[in-house]
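Undergrad: Numbering (the UniProt record's numbering), first residue to last: 1 to 180.
For glycine and all other residues, C-beta sits at the position ideal for the given N, C-alpha and C.
Predicted model, so just to flag it, every value in this text is computed and none were measured.
1) Could you check what DSSP says for residue 128 in three-state terms: helix, strand or coil?
2) What number of angstroms, rounded off, separates the C-alpha of residue 168 from the C-alpha of residue 86?
3) What's the call for residue 106, buried or exposed, on a 16-neighbour Cβ count within 10 Å?
4) Out of 90, 10, 95, 39, point me to the one whose CA is closest to residue 78's CA.
5) What are the start and end residues of the beta strand (DSSP E) that includes residue 172?
6) Taking only the alpha-carbon atoms, compute the straight-line gap between residue 42 and residue 75 and give it to the nearest angstrom.
7) Nearest to residue 151 by CA position, among 121, 112, 172, is which residue?
8) Within 10 angstroms of the Cβ of residue 123, are there 16 or more other Cβ atoms? Answer buried if so, exposed if not.
9) Can you tell me whether DSSP reads residue 150 as helix, strand or coil?
10) Shortest alpha-carbon distance to residue 48 belongs to which of 104, 29, 142?
11) Which ranges would you report for the beta strand (DSSP E) in the region 4-54 if only whole runs of at least 3 residues count?
12) Between the Cα of residue 16 and the Cα atoms of 163, 165, 135, which residue gives the shortest distance?
13) Here's the rule I'm using: 16 or more other beta-carbon atoms within 10 Å means buried, otherwise exposed. How should residue 102 be labelled?
14) Tell me whether residue 121 sits in a helix, a strand or coil according to DSSP, three-state version.
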């Protein structure tokens, strides 16, 4: 049975995108990373938030633009949105609610991970109790403002258990299991 994984690159000060969803900061931090390569091989489907799907792309202006993991991964994508477009997008299924999106993505992923892209979608999965793991790549930069890794107005306490820690020249990654 598939598991739900939120994987993301974050600045040291906790932002996954700059102000207005800007992802240009990430471009200089992309590069060979054995942990990313391993995770890509474990992904069976993507569950993507609408803002992430339609948002800024660190690969803008290259042949990798618009491709998950810069073209390093292909497969079924499920985009969570309240506004399903009239024109189909090849390889993308638009879903109107979290439950049907999670069910469809898990069915498509088989025994591999459903990788979540988008902070709000990850928060919704966490609140619904369906998020199993979080993998954070910490880039050596501070942005000072933008989209936080996790935002819960009023605060909350999410217990995590570290299961892996890796280092490469341009990032450190920490993998957690969601405990409760």
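TA: Result, derived from the coordinates:
1) coil
2) 43 Å
3) buried
4) 95
5) 171-178
6) 12 Å
7) 121
8) buried
9) coil
10) 104
11) 15-17, 43-49
12) 135
13) buried
14) helix
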